[in-house]
Amino acid sequence: MSVRLLHTSDVHLEWLFEGFPEDARRRRRAEVAGALARVVDLAIEHRVGGLLVSGDLFHGDAPSLSARAEVSAQFSRLDRAGVPVLVIPGNHDRVTGRSPYRLPRFPANVHVFSGEGWSARELPGGVRVYGLPYRSQDAGRRVLEGFSAHRQRLDREREATGQPSCAFRVGMVHGSLWGLSFGPDAHCPIQPEDIESSGLDYLALGHYHDFQDCSRGPTKASYPGAPARLTFANLSPRRAVLVELGDGPARLRPLELADREYRVLEWDLSRRGLEGLYEELAAGADPEVALKVVLQGWPAEPLAAFGEAGGAAAGGVAGEEALGMGGGSAGEAPAAGSAGAEGGAAVGTWPGTGAASAFDPRTSLDRFRSSYFHLEVVDRTAPAVAVEAGDRTVRGLFISRVQERLARAENPEEAAVLRRALVLGLEALAGRRPG
Ligand SMILES: [Mn+2]
Numbered sequence: 053m054s055v056r057l058l059h060t061s062d063v064h065l066e067w068l069f070e071g072f073p074e075d076a077r078r079r080r081r082a083e084v085a086g087a088l089a090r091v092v093d094l095a096i097e098h099r100v101g102g103l104l105v106s107g108d109l110f111h112g113d114a115p116s117l118s119a120r121a122e123v124s125a126q127f128s129r130l131d132r133a134g135v136p137v138l139v140i141p142g143n144h145d146r147v148t149g150r151s152p153y154r155l156p157r158f159p160a161n162v163h164v165f166s167g168e169g170w171s172a173r174e175l176p177g178g179v180r181v182y183g184l185p186y187r188s189q190d191a192g193r194r195v196l197e198g199f200s201a202h203r204q205r206l207d208r209e210r211e212a213t214g215q216p217s218c219a220f221r222v223g224m225v226h227g228s229l230w231g232l233s234f235g236p237d238a239h240c241p242i243q244p245e246d247i248e249s250s251g252l253d254y255l256a257l258g259h260y261h262d263f264q265d266c267s268r269g270p271t272k273a274s275y276p277g278a279p280a281r282l283t284f285a286n287l288s289p290r291r292a293v294l295v296e297l298g299d300g301p302a303r304l305r306p307l308e309l310a311d312r313e314y315r316v317l318e319w320d321l322s323r324r325g326l327e328g329l330y331e332e333l334a335a336g337a338d339p340e341v342a343l344k345v346v347l348q349g350w351p352a353e354p355l356a357a358f359g360e361a362g363g364a365a366a367g368g369v370a371g372e373e374a375l376g377m378g379g380g381s382a383g384e385a386p387a388a389g390s391a392g393a394e395g396g397a398a399v400g401t402w403p404g405t406g407a408a409s410a411f412d413p414r415t416s417l418d419r420f421r422s423s424y425f426h427l428e429v430v431d432r433t434a435p436a437v438a439v440e441a442g443d444r445t446v447r448g449l450f451i452s453r454v455q456e457r458l459a460r461a462e463n464p465e466e467a468a469v470l471r472r473a474l475v476l477g478l479e480a481l482a483g484r485r486p487g
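Count along the sequence shown from 1, then add 52; that gives the number in the numbering used here.
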């Protein structure tokens with residue numbers, strides 16, 4: 053006897069796609085719904101005995117009526133194809149008063165594990181599925197600890213109610229495998245040894261947004277990952293996992309799901325320059341690609357390279373020598389690493405060759421916005437300035453104050469504002485009108 057199941061999780065219908073322009077956001081949300089439809093297509097094509105959804109089907113616990121209708125429509129297609137659907141709520145769509153999981157809106161083939169703890173449900177072909185809905189009170193608990201005792205109790209209960217004994221055992225849980233990086237989003241820790249001793253043939257995990265095979269010992273386990281990319285962290289191929297239960301250990305076949313291309317470009321302006329970045333972005337332009345550019349360092353180019361904004365300011369700066377270097381005269385305040393390795397040019401002298409304030413990392417790539425589906429700039433630039441200990445000049449004190457605040461900045465936005473303040477302040481101290 054053999055049975056195939058299809059496993060998905062973390063669809064996150066109605067994900068916000070924060071930072072995307074409105075039109076791209078709308079299209080991306082439609083693509084997330086399309087990914088769910090594609091998973092349903094695969095379940096039908098592969099004639100699976102069940103579709104498992106391991107949490108975070110919805111991005112929020114009170115999804116819109118249209119998102120609920122979309123899910124119902126997709127699950128109805130499975131109903132017509134005779135495919136049961138098993139769902140556990142995740143940390144994003146946990147069961148609350150407004151939860152779609154409380155309303156009997158789904159077609160009859162859908163079962164949501166929404167009780168207090170573990171419960172079990174049978175699928176055709178001798179498969180018993182044990183599901184644990186996410187509950188916030190379990191967030192810090194090792195959720196698979198002692199699972200085999202729950203399994204044995206549920207087996208006794210199921211068999212007492214007339215269910216035949218099962219040939220295959222599958223678990224569903226939404227939580228963080230120990231050792232995978234979840235950052236502050238770690239919930240319901242899962243220890244590898246608890247997978248190994250679970251007595252399950254397959255553990256259908258949810259919460260991690262990229263495919264990961266987590267098999268341990270006799271138990272196969274995986275995170276399928278979100279079927280459509282949700283953030284720029286999701287660069288790996290999208291997957292739904294086909295699980296084949298039969299003789300011997302379960303077999304996993306991760307099926308690839310097509311999705312929009314996301315790219316991340318890290319660019320050190322001190323080493324590779326701004327002109328080089330412009331060339332790179334022009335060469336890679338593709339209105340279907342979502343691109344994130346992480347800017348580091350600081351451009352050493354002369355002002356003209358800073359583009360239109362810089363060009364406008366250029367006139368005012370042409371006479372920079374005449375304006376003098378203000379408090380930052382070369383003799384008084386040699387800036388960071390003026391010994392700059394391999395001809396580090398303007399890195400190390402401040403102000404540099406042009407009005408640095410004409411370069412604003414936040415808007416520096418605006419001219420490329422229409423060349424990409426979405427262009428996101430992460431500003432980790434670092435204006436290269438340093439101040440000697442004991443420098444009591446206005447300039448020295450200004451730099452130290454801003455740098456102290458930078459060291460304590462609580463988020464990237466605050467740090468970006470402080471770096472901008474540093475640039476504008478130094479320009480002003482150099483006697484220049486900010487660009
Ligand atoms: Mn999730």
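Heads up, the beta-carbon is just placed ideally off N, CA and C, and yes, glycines get one too.
These numbers were taken from a predicted model, which means no experiment stands behind them.
Given this structure, state the Cα-to-Cα distance separating residue i from residue j, to the nearest angstrom.
| i | j | result |
| --- | --- | --- |
| R150 | L458 | 42 Å |
| S267 | A273 | 4 Å |
| V110 | R315 | The sequence given here has Phe at residue 110, not Val. So the two alpha carbons sit approximately 25 Å from each other. |
| A133 | P276 | 23 Å |
| G112 | S128 | 22 Å |
| R462 | F450 | As written in the sequence, residue 462 is Glu, which differs from the Arg given in the question. Distance between the alpha carbons of E462 and F450 is about 20 Å. |
| H64 | V55 | 27 Å |
| S61 | R484 | 55 Å |
| S124 | E168 | 24 Å |
| D190 | P115 | 23 Å |
| L57 | L104 | 7 Å |
Please list, in chain order, all residues of the same chain as residue i whose beta carbon is under 8 Å from its beta carbon, the five residues on each side excluded.
| i | result |
| --- | --- |
| Y186 | G107, I140, P141, G142, N143, R146, H226, G227, H239 and C240 |
| A310 | R90 and R290 |
Please classify residue i: is it buried, with 16 or more other beta-carbons within 10 angstroms of its beta-carbon, or exposed?
| i | result |
| --- | --- |
| G101 | buried |
| L412 | Sequence inspection shows Asp at residue 412; the Leu mentioned does not correspond to that position. Its Cβ being crowded by 16 or more others within 10 Å, D412 is buried. |
| T271 | buried |
| S118 | exposed |
| M53 | exposed |
| R78 | exposed |
| A342 | buried |
Starting from the C-beta of residue i, find all residues in its chain whose C-beta is less than 7 Å away, skip the five residues before and the five after it, and write them out in chain order.
| i | result |
| --- | --- |
| S166 | P141, V147, Y153 and P185 |
| F72 | R80 and H426 |
| E452 | It should be noted that the sequence gives Ser, not Glu, for residue 452. The residues are V439. |
| Q126 | L88, A89 and V92 |
| A467 | L458 and A461 |
| G177 | M53, V55 and G101 |
Using a Cβ-Cβ cutoff of less than 6 Å, which residues in the same chain neighbour residue i once the five nearest sequence positions on both sides are dropped?
| i | result |
| --- | --- |
| R305 | L294 |
| E197 | D246 |
| L229 | I242 and C266 |
| F199 | S250 |
If you compare alpha carbons, which of the options is closest to residue i?
| i | options | result |
| --- | --- | --- |
| V92 | D338, V137 and A285 | V137 |
| E308 | V105, A119 and R281 | R281 |
| S233 | A212, A285, A125 and T60 | A285 |
| S171 | V84, H202, Q189 and S217 | H202 |
| A160 | D131, E174 and S116 | D131 |
| L481 | Q455, P236, G448 and E456 | G448 |
| D207 | R432, E174, R303 and L333 | E174 |
| P279 | D431, A302 and G258 | G258 |
| E248 | E83, A335, C218 and G223 | G223 |
| E465 | V430, V446 and P236 | V430 |
| T433 | R414, A441, Y424 and D443 | R414 |
| V437 | S423, G269, S422 and Q455 | Q455 |
Quick one: is the Cβ of residue i within less than 7 Å of any heavy atom of ligand 1?
| i | result |
| --- | --- |
| D108 | yes |
| D265 | no |
| G142 | yes |
| H239 | no |
| H59 | no |
| D62 | yes |
| D426 | According to the sequence provided, residue 426 is His. The question's Asp does not apply to it. Every heavy atom of ligand 1 is 7 Å or more from the Cβ of H426, so no. |
| H202 | no |
| H259 | yes |
Is residue i close to ligand 2? I mean its beta-carbon at under 7 Å from any heavy atom of the ligand.
| i | result |
| --- | --- |
| D262 | For ligand 2, the structure offers nothing, since it holds only ligand 1. |
Using a beta-carbon distance below 8 Å, is residue i in contact with chain C?
| i | result |
| --- | --- |
| L117 | Within the model displayed, chain C is absent; a lone protein chain is all it includes. |
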